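To start, the structure itself, in structure tokens.
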Amino acid sequence: MATACKKTIVRRDHGVVVLKTIAGHNGTLLGRINAAVGTADTPENLATGSERVAALGLEIVASTDPALAVLVKHTRVTAAYFGLLQTAADELRSAIESARARLTTKKVSQGEIDVLDGLVLHVLSDIIHVFAAAQDLDGTIPTLAPIATRRLLASRNKRKPKTEVETTPDPM
């Protein structure tokens, strides 16, 4: 859905630039363009705004007003261009519907979440122990010290303390 959103935003924004170029200093038309754009705070609002911009663009391209017709001709914009914007909005709507089915799945029980948490902790534990074993072989490998999970992920192989050579005092 992110790809569809990005594509639609780019097309919508470019369509708005084209429409504002056609509008020039026409305050009424600029107001209609700004009202059509809307916001892109949700994918639904983005699709709605893109559809309104496409509809306004098609209306302006089909306009019989001679001044607008000249501006449309000079910008070389066609109805097919705004059709592409409508197609992008339709693709976004279908992506929204596809994603909605995934978002409305059944509720998950706490037990299922606990099982997944256990799997994650197991994998994390394995990673930490692999690093510990690697550090025993090569001291330049960093030690992973999980602060929040130290109690859960204690090292399996107890490290032997470094033995110091015992020295006996010289009897003088």
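Residue numbering for the sequence shown follows the numbering used here, beginning at 372 and increasing consecutively. Here a beta-carbon is modelled for each residue, glycine too, at the ideal position from N, C-alpha and C. In this text the structure is predicted, and so the values were computed from the model without any measurement.
Member of the options whose CA lies at the smallest distance from the CA of residue i
i      : options                           : result
Asp461 : Glu422, Leu487, Val448 and Thr435 : Glu422
Glu415 : Val443, Gly489 and Ala373         : Ala373
Ala426 : Ile512, Leu455 and Asp436         : Leu455
Thr379 : Ser469, Phe453 and Lys477         : Phe453
Thr449 : Glu430, Asp497 and Gly402         : Glu430
Expected contact under 8 Å - CB spacing of residue i and residue j to nearest Å
i      : j      : result
Thr399 : Thr446 : Not a contact, Cβ separation roughly 18 Å.
Gly386 : Val424 : 5 Å
Cys376 : Leu439 : Not a contact, Cβ separation roughly 31 Å.
Residue i to residue j span [Cα, whole Å]
i      : j      : result
Thr357 : Arg464 : With the chain covering 372 to 543 only, the question about residue 357 has no answer from this structure.
Ala407 : Ile467 : 21 Å
Val479 : Val501 : 32 Å
Ile499 : Ala516 : 8 Å
Asp509 : Ala411 : 53 Å
Ala433 : Val441 : 12 Å
Asp488 : Gln481 : 10 Å
Val494 : Ile484 : 16 Å
Ala503 : Pro513 : 9 Å
Arg471 : Ala451 : 30 Å
Asp384 : Lys444 : 20 Å
Thr435 : Gly409 : 26 Å
Thr511 : Ala505 : 9 Å
Asn405 : Arg382 : 16 Å
Leu492 : Ser469 : 32 Å
Leu490 : Asp507 : 26 Å
Gly402 : Ile518 : 57 Å
Asp497 : Thr413 : 41 Å
Pro437 : Asn397 : 14 Å
Val388 : Lys477 : 44 Å
First through last residue of the alpha helix (DSSP H) which encompasses residue i
i      : result
Thr446 : Pro437 to Thr446
Val479 : Element bounds for Val479: n/a, residue is neither H nor E.
Ala516 : Ala516 -> no alpha helix (DSSP H), and no H or E assigned at all.
Thr578 : Nothing about residue 578 can be read from this structure; the chain reaches only from 372 to 543.
Asp384 : Ala373 to Ala394
Thr413 : Note, Thr413: premise wrong, no alpha helix (DSSP H); not H, not E.
Under 7 Å between C-beta atoms of residue i and residue j
i      : j      : result
Leu390 : Gly428 : yes
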